[in-house]
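Worksheet: the structure to be examined is printed underneath.
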Amino acid sequence: MTDTKKTYQFTVPCAYYYEIEADTEEEAREILLEKGGIDIEGELLLEDDAYRTADCIEEEEEEEE
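Numbering follows this note's numbering, with no gaps: position 1 of the sequence shown is 1.
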């Protein structure tokens, strides 16, 4: 006998906050595009109810043996 479980995929609303030192906003945007998430780290920002308002985007059935 096998139990059927499901896997649920969610998207959680969030944003990343970056502080970039540059001479102009244009230069800062270029740095962000080139190095954001790789060479410069941001801070994850979540609203208090972000997980409560998450959207279920997919549901998959799996069989467990």
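For every residue, glycine included, the Cβ atom is placed at its ideal position computed from N, Cα and C.
Among the options, nearest to residue i - alpha-carbon criterion
i, options, result
"Thr11", "Ile38, Asp55 and Leu45", "Asp55"
Whole-Å CB distance - residue i paired with residue j, under 8 Å assumed
i, j, result
"Lys5", "Glu58", "Actually they are not in contact, since the Cβ atoms of Lys5 and Glu58 sit about 15 Å apart, beyond 8 Å."
"Glu60", "Thr7", "5 Å"
Continuous beta strand (DSSP E) stretch holding residue i: start and end
i, result
"Leu33", "That residue, Leu33, is in no beta strand (DSSP E); its alpha helix (DSSP H) goes Glu25 to Lys35."
"Tyr8", "Asp3 to Thr11"
"Leu45", "Glu43 to Leu45"
message = Quick check: the segment 11 to 21 against the segment 35 to 42, are at least 3 beta-carbon pairs closer than 8 Å?
response = With the cut-off at 8 Å, the segment 35 to 42 and the segment 11 to 21 touch.
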